[in-house]
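Novice:
Protein chains: 4
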Amino acid sequence: MDFTSDNAAGVSQPIFNAMMATNQGASPAYGADPFTAKAVALLSAIFETDVAVFLVATGTAANALALGALCPPWGAVFCHETAHVMEDECGAPEMFTGGAKLIGVKGRAGKIAAKDLAAALKAFPRGLVKQVQPAALSLSQATECGAVYSCAELAELSAIAHAAGLGVHMDGARFANALTTLDCAPAEMSWKAGIDVLSFGATKNGALACEAVLVFDPAKAHTLPFQRKRSGHTVSKGRFLGAQMAAYLEDGHWLVNARTANEHAARLAAGLARAPGARLPWPRQANEVFAFLPGKTDAALRAAGVRYYDWTMRDFGEQRAEDEVFVRLVTSFATSASDVEKLIALAGG
Amino acid sequence: MDFTSDNAAGVSQPIFNAMMATNQGASPAYGADPFTAKAVALLSAIFETDVAVFLVATGTAANALALGALCPPWGAVFCHETAHVMEDECGAPEMFTGGAKLIGVKGRAGKIAAKDLAAALKAFPRGLVKQVQPAALSLSQATECGAVYSCAELAELSAIAHAAGLGVHMDGARFANALTTLDCAPAEMSWKAGIDVLSFGATKNGALACEAVLVFDPAKAHTLPFQRKRSGHTVSKGRFLGAQMAAYLEDGHWLVNARTANEHAARLAAGLARAPGARLPWPRQANEVFAFLPGKTDAALRAAGVRYYDWTMRDFGEQRAEDEVFVRLVTSFATSASDVEKLIALAGG
Amino acid sequence: MDFTSDNAAGVSQPIFNAMMATNQGASPAYGADPFTAKAVALLSAIFETDVAVFLVATGTAANALALGALCPPWGAVFCHETAHVMEDECGAPEMFTGGAKLIGVKGRAGKIAAKDLAAALKAFPRGLVKQVQPAALSLSQATECGAVYSCAELAELSAIAHAAGLGVHMDGARFANALTTLDCAPAEMSWKAGIDVLSFGATKNGALACEAVLVFDPAKAHTLPFQRKRSGHTVSKGRFLGAQMAAYLEDGHWLVNARTANEHAARLAAGLARAPGARLPWPRQANEVFAFLPGKTDAALRAAGVRYYDWTMRDFGEQRAEDEVFVRLVTSFATSASDVEKLIALAGG
Amino acid sequence: MDFTSDNAAGVSQPIFNAMMATNQGASPAYGADPFTAKAVALLSAIFETDVAVFLVATGTAANALALGALCPPWGAVFCHETAHVMEDECGAPEMFTGGAKLIGVKGRAGKIAAKDLAAALKAFPRGLVKQVQPAALSLSQATECGAVYSCAELAELSAIAHAAGLGVHMDGARFANALTTLDCAPAEMSWKAGIDVLSFGATKNGALACEAVLVFDPAKAHTLPFQRKRSGHTVSKGRFLGAQMAAYLEDGHWLVNARTANEHAARLAAGLARAPGARLPWPRQANEVFAFLPGKTDAALRAAGVRYYDWTMRDFGEQRAEDEVFVRLVTSFATSASDVEKLIALAGG
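Same order as they appear, the protein sequences are chains V, B, P and X. Quick note: the first sequence, position 202, residue 202 per UniProt numbering, numbers continuous. Quick note: the second sequence, position 226, residue 226 per UniProt numbering, numbers continuous. Quick note: the third sequence, position 149, residue 149 per UniProt numbering, numbers continuous. Quick note: the fourth sequence, position 16, residue 16 per UniProt numbering, numbers continuous.
1) When you compare only the Cα positions, how much space is there between residue 237 of chain V and residue 8 of chain B?
2) Alpha carbon to alpha carbon, how far is residue 16 of chain V from residue 75 of chain X?
3) On a CA-only basis, which of P:150, P:335, P:2, P:222 is nearest residue 28 of chain X? Give me that one, please.
4) What residues from chain P crowd round residue 126 of chain B, counting only those whose CB sits closer than 9 Å?
5) Closer than 8 Å is the cut-off here; do at least three beta carbon pairs connect the segment 321-336 of chain B with the segment 272-286 of chain P?
6) By the criterion of Cβ-Cβ separation under 7 Å, what are the contact partners of residue 31 of chain X in chain P?
7) Cα-Cα, which of P:58, P:227, P:330, P:10 is closest to residue 232 of chain X?
8) Taking only beta-carbon positions, decide if residue 72 of chain V is within less than 9 Å of chain X.
9) To the nearest angstrom, how far is it from the Cα of residue 92 of chain X to the Cα of residue 146 of chain P?
10) Helix, strand or coil for residue 227 of chain X per DSSP?
11) Sort X:115, X:136, X:32, X:51 by Cα distance to residue 79 of chain X and report the nearest one.
12) Just to confirm, are residue 69 of chain P and residue 192 of chain P a CB contact at a threshold of 9 Å?
13) Restricting to Cα atoms, I'd like to know which of V:124, V:161, V:126, V:179 is closest to residue 151 of chain V.
14) Please confirm if the segment 198-210 of chain V is in contact with the segment 236-253 of chain V, defined as three or more CB-CB distances below 8 Å between the two stretches.
15) Do residue 56 of chain P and residue 188 of chain P count as a contact pair if the criterion is CB distance below 9 Å?
16) Whole alpha helix (DSSP H) runs in the segment 210-261 of chain X with 4 or more residues, listed along the chain?
17) Which residue or residues does DSSP assign as beta-bridge partners of residue 200 of chain X?
18) Less than 8 Å between the CB atoms is what I'm expecting for residue 64 of chain X and residue 95 of chain X, so what's the real figure, rounded?
19) Between the segment 150-168 of chain V and the segment 336-345 of chain V, do at least 3 Cβ pairs fall closer than 8 Å?
20) Any beta-carbon of chain P closer than 9 Å to the one on residue 104 of chain X?
21) Going by Cα to Cα distance, which pick from V:241, V:77, V:277 is closest to residue 34 of chain V?
22) Count the other CB atoms, across all protein chains shown, that sit within 10 Å of the CB of residue 24 of chain B; report buried if there are 16 or more and exposed otherwise.
23) What is the DSSP secondary structure of residue 288 of chain B, reduced to helix, strand or coil?
24) Around the Cβ of residue 315 of chain X, are there at least 16 other Cβ atoms within 10 angstroms (buried) or fewer (exposed)?
25) Helix, strand or coil for residue 110 of chain X, going by three-state DSSP, please let me know.
26) Under the rule that 16 or more other beta-carbon atoms within 10 Å means buried, what is residue 128 of chain B, buried or exposed?
27) Counting only beta-carbon separations shorter than 9 Å, does residue 234 of chain V have a partner in chain X?
28) Can you tell which of B:164, B:297, B:254, B:148 has its C-alpha closest to the C-alpha of residue 182 of chain B?
29) Using a Cβ-Cβ cutoff of 8 Å, what residues of the segment 77-90 of chain B are near chain X? List them in chain order.
30) Of the residues X:98, X:73, X:97, X:108, which one's Cα is nearest the Cα of residue 83 of chain X?
31) Taking all protein chains shown into account, decide if residue 251 of chain X is buried (16 or more other Cβ within 10 angstroms of its Cβ) or exposed.
32) Would you call the CB atoms of residue 286 of chain V and residue 273 of chain V closer than 9 Å?
33) Please report how far the alpha carbon of residue 206 of chain X lies from the alpha carbon of residue 5 of chain X, in whole angstroms.
34) What are the residues that DSSP puts in a beta bridge with residue 2 of chain B?
35) Counting only beta-carbon atoms, is residue 123 of chain B nearer than 9 Å to chain X?
36) By Cβ distance, which residues of its chain are closer than 8 Å to residue 301 of chain P, with the 5 residues on each side in sequence left out?
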């Protein structure tokens, strides 16, 4: 019973099958293959605009490349203080930007509020030479806390950023899960809401190792071929990235997977909310459930072989009681419904 | 009929099968899985020593990480002037070292001669503050020209480098092909010959996207977990890297693949040597064949659908005649023997 | 009447005279001159230990070089959230470390409290690969708010840092002013309190452009010659740096200058404390006075030609009243006593 | 008798006097002072165009900042293989560009020939992702060998560079000496000949520590304020840089100094040419004299206390005879005419 992360799951079968089907004969290297071309075409169709696409194998690469395209070494990237780019990538954005500064903004459930972004920007006046210059806003959709911005919220934040001359990046490692929650078009949750560059994740939602940097404004894309190459992220047998992404998108496979994951999470959240002594710090929105569990419940779950992470979050305003543990449980396309039920039962929910 | 590169080939079946077998249930992310552990054990066994292993998806990543572990920003990496790290990675070593300098050394068929290394080192006295400081030697085995260093040559070069305080890196993107040529133990062609860090390639020889940075001296390994992470090269579903590498090594699969590739190349080289007007600039040693072809032959091959690259090499002392083209033909485990025969026949060999 | 900054002052006469006396005949370049040797000897004598000395022309260079010597690209530097290295150097520490992360710690009057440092360190467990690794603590003495750590406070913070494996840097742009306040030996306020590398400032206290990176642990100094050179901070006519530093130190000139500056500040602080409606957010300790002034007072001062900066500080707990302005006034060796009296009179103090 | 370098000289008196005159009262920091404004006005007048000016204290800083403004991390800078930026700055251009590659071009007496530049550029096709992208040409005027490009040569090289999309930098550490040789207008030897960014040196020709980055195309200047700040090269008491540069330029002082230095060198070269057994590898053009001296002559000079450097140059085609030494002798505004005569007499010229 694994609820540690959606990247503990394997590869969904249609994606694996597509990789296998791709494994025939020779194919041009470094992304000049027909499978990658197909993925690009699908992405452009699904996003209703011609996008520049850069496939890579990891989410950290996608994020760091995106920020590297938006932010100079003397720039500042504004993000939530718990963002993955801030806390979980060992300084990759700093490496790929050549030493830019990430400015953490506080906010409930991993979300940045418009007024807080505005206040943060005010502290970095453009042209004040002694300070790094505001260059990019990075929004995580869904957030590290599993929360989801509405399209209106995204648009408001992007508008503030654009007005201040920043480019806007979305860390969409869980883009599909958020999209499922909002039930809107991909274009609405991205470029129509002001996103300039999107890290479009597939790995956590069924791919083996495939993420796309999508650049909606072609003017921001021209340095990326070189940045990808010199960071070692231009995969030689690129057809297998193309095949993954194409299979991920075809016939709405990605949406099916995300819906499955989200439904598991919804069930889990509801069950835990009913469990004696358990409580959720904020509403579940995508495929992650955060919860305070009584120590006894936690012990019972672990004794039964349920795996998940204790979670540490700073400054959220919620206080953990003495006997509580704060935990994160993540579901995926591969989560078993019966595991969810078992977990709920163990918690007494 | 594709002879463009060994990375135009797909994945060999045993490796694909292993990936599929791995795709069961949940598995810890980021390399903490049993498949990666198995790969590490196999590498240690095959190299007859406990190696620190860092699996990544691309050869550029492996090389750049290796050099980043050996060379500070104010350091110099000595390599052949046509080395992949010098010419084909868009500055990845510069990025991963934080701005070190690569010093190109001339030499026939991509090989560095001992006296030329010594002379190059002499121009960079240790402690002379105005100059970058000698930090690493990078040797390609096989070279970009398909040549192979003998173990004695490697040992001599490493000894010179070590005496001058440098670490020694081997770019082994085609390690298996070179090993097949020398018919020696992996340990002899690596740490016993003074190699400190090895980029051990699998992708060009049958894997999907898998290379290992092998560190023979553990003292040189401790920064690599962080360097790999912050460069975005720590793959989340790491079990699929582990599975590839393990399958690559098990039952000598890697050696079978390399032998096949080399034999195709040997046949090809022999055939072209017989072809009217064609000539080889240096003896074929691994799985790459370089040749001067009469323009007419080149045209006939291309008309028949044979794909390969025109090659440009500077300063080799060989002169191309007016009506000649200089080409590179690469074979792999997936090359078809009949394609080789057809090509030779087309060339009149 | 200039109270904008101690770097608005010129050069004190003994230092200028020494530069002039140095301007005779030829002298070896790049610091190999007798004047630099004399400065090194004086520093070693004054600090009661053999120090490695790297003279540079700016405080940003000194700080960034010091942090570059202590912190790898994947490291974290802990500092006060308002530290000069954090807020006023346009990312120089990030550039010189190759992309490290600065972690801001809150604290009253620019000082870090021991428990806050310990808590900040706890959030960065050593070896947790997804996070940057704790590498250095940077303390400003005096702080950006003009406060001064006691030697015991410095020692406690250094001990915490050392126990966690960090090196300790002191930004001593106003070292002399702080030393004057504490009235202790330079060694007590530096290496005896656990400081490993010190940015020892002279410019703000009478030099033209001269700061020294002092490395008390020689093992941490060996990369600095190259880091200084490649950052363009090895001045060719180095004798003029040596002459400045030597004259600064000789006959206690630096202490005289600092005492003068501090006394002016003391008078100013006392005067403002008496002025109707004015108040100090924290006690004056060195040569900077921070004050809330009634808008009317501020207007009167400015109308009379007094120059100083409005100051912005985040999160100090002090609240500015509607009609108040928050300002910084800095004194130096060159401040005129009558200007101080005039200012106080204008403020009604 | 010092002929080691023009940076072994001190400061010329008018420049020192101007610094002293500047040392009155308070002045805005970081270059916002009237002295810097005056220097900018003088530079614009002398170069007959409005230039963006960035004063710094070292030539390495000027060069590295200039290249950092012209070349991205994935770019290539073409320069002579013996250029100061290539050989003598410990990788500063690599640091300031974020890891770009310097491509050395061969050429007699430190000069790049048009055909060799064209050939070098041909090896780096724009858009070939595996290679760094051509971004800048850096020309040294005078060269490291003391040679001087004619304005026509500069214009031809710039035109080739511009046609290939490169920006053109001139390392003018000895701009004044070269200008004296050509006896032309500063504009002709710079922007009218296609130079986009100029490192305009003053230190070697009489200043204490002052160089200017001059940007003739304002579009290439907008990142430099931040690049200068974060590299620690924005001097706080900037008025003293302004004063140096203004005094350097006023009343043609810079040209007087350069003429003096060049005349000493001319006399020296003529004298050595007459000396038995001595010979010059190429004609003297500015203030550096390179010579092959008989071992006996070298020994006599050194015994008499003449200081100068043995010089090493690779691949110039000249061969040193067994009993010869190859030396560099540099003159400056401060060289004594009688020292020159004594040296010539000692050599028997």
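For every residue, glycine included, the Cβ atom is placed at its ideal position computed from N, Cα and C. Remember, it's a predicted structure, so these values are computed and weren't measured experimentally.
Specialist: Short version:
1) 7 Å
2) 38 Å
3) P:2
4) Under the 9 Å cutoff, chain P gives no residues; its nearest Cβ is about 11 Å from residue 126 of chain B.
5) no
6) Simply none; closest approach about 12 Å.
7) P:58
8) yes
9) 35 Å
10) helix
11) X:136
12) no
13) V:179
14) yes
15) no
16) 224-230, 239-249
17) X:172, X:212
18) 7 Å
19) no
20) no
21) V:241
22) exposed
23) strand
24) With a pLDDT of 49 at residue 315 of chain X, under the threshold of 50, the modelled position of this residue cannot be trusted; read the value that follows with caution. The residue is exposed, with fewer than 16 neighbouring Cβ atoms inside 10 Å.
25) helix
26) exposed
27) yes
28) B:148
29) 87, 88, 89, 90
30) X:108
31) exposed
32) no
33) 12 Å
34) B:307
35) yes
36) 293, 308, 343, 346, 347
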